[in-house]
Amino acid sequence: MSKIAAGSAEKGAQAVVKEVNSNLSTYEEMFTTLKSSTKTLSDGLNTLSAGANELKAGSDKLVANNPKLKSGMTSLSDGTNKISSGVTDLKNGSVSLKDGLKTAYDGSNTLQTSLADGAKSVKDTTSTINDDTLKMFASPVDSSKTQITKVADNGHAMAAYMMVVGLWVGCMGFCTVYPLTKNSSKIKSGFRLWLSKASVMYPAIIFASIGMISALSFFNGFSPADLNSTILVAVVAAITFMSIIYFFNVAFGVVGKFLVLIFMVIQLSGSTGTYPLELSGDFVAKITNYLPFTHVVTAFRSTISGGSNIESHLIFLTSIAVVMILITIAFLEFKVRFKSNNNIFTENDMDDKLAV
């Protein structure tokens, strides 16, 4: 009996030990799981903390942007009101457009009816139109022509340009044959020397300019619209040309004659006497208004064909003549005093005395 009890007790003890070991294994697994879950819980708490920080930052940003959001909502509300008002205006405009289209349609019908009635009326009255009525419609206004002057051919058209050339060449020829720098008596002043020459050359060139106009009228049938003004322009131009050429001859001698020739060539091409300014180069456009030839040609054209006034051209030419005369007198006065002070001034040949 005691053996049986002892064996039973031993078996019971073994069963308890086995159960305890089993429970210990279970608890060990639970502790391992708990340990792993604790780490996961820690990571989750860290993530939750970071999310909370982001949530706080977003909340702060939202709070900071509340005024902008409020302003945007206000602008959106205003825009909505404007859209609503625009829709109303569009609706009213559509109604007005509809009324206008109806009015236009009615007007087109009225026009069509009126045109048809008018065409019918014209058709009914064509039989009563006489020749006088037809002439009236064909030529309602009678035009009258008044010819101021006649330009028969190219020669008459070129008269203004060629007269200017003739006056300049005439002055050059006179200064070539007339002793501008010779005097038979002792000269006391430059003005007296100039006056002694001017009293001959100016009347001579004035007579030549009047003779040129007279010869053209008598032999070539030259008949300008204003003959007196044409003669006046010729006289003023001749005096101006003579004043320019006289100065260059006295001041520069033979070289002055060459300079006068070059100046004539420049004026021939720059005065637009043959072709209009639009067909000339840029250089001509820059110098043409400052050339005596330009003003004389323009003035002649005006007096020949009855164009615009010539006062501005005469003032320009007269100003040049006065300036050149004053410069010439001043130059002669200087030369006379200079030579007199050096006791070189004698009686007869003035070429050596006035040579530069």
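All residue numbers for the sequence shown refer to full-length UniProt numbering, where the first residue is 1 and numbers rise by one.
Quick reminder that beta carbons are idealized off the backbone N, C-alpha and C, glycines included.
Model, not experiment: these values are computed from the prediction.
Contact check between the segment 258-278 and the segment 199-213: fewer than three CB pairs, one atom from each, fall below 8 angstroms, which does not count as touching. Per the coordinates, the alpha-carbon of SER280 lies some 24 angstroms from the alpha-carbon of LEU167. Residue nearest to LEU291 within the set VAL164, ILE231, LEU195 and LEU232 is VAL164 (criterion: CA-CA distance). In the three-state reduction of the DSSP assignment, PHE334 falls in the helix class. Relative to the Cα of SER217, the nearest Cα in the group ILE206, GLU333, ALA204 and ILE231 belongs to ILE231.
7 angstroms or more divides the Cβ of ALA321 from the Cβ of SER199.
By the neighbour-count definition (other C-beta atoms within 10 Å, threshold 16), ARG301 is a buried residue.
The beta-carbon distance between VAL297 and ALA159, rounded to whole angstroms, is 10 angstroms. This is too long to meet the 8 angstroms contact definition.
If only complete runs of 4 or more residues are kept, the segment 238-272 shows the alpha helix (DSSP H) at 254-270, in order along the chain. Distance from the CA of ILE287 to the CA of ALA330, rounded to the nearest whole angstrom, comes to 27 angstroms. In the displayed model, VAL296 falls within a helix according to three-state DSSP.
In the same chain as ASP117, and ignoring 5 residues on each side of it, no C-beta atom comes closer than 7 angstroms to its own. Rounded to the nearest whole angstrom, the CA to CA distance from THR33 to SER25 is 12 angstroms.
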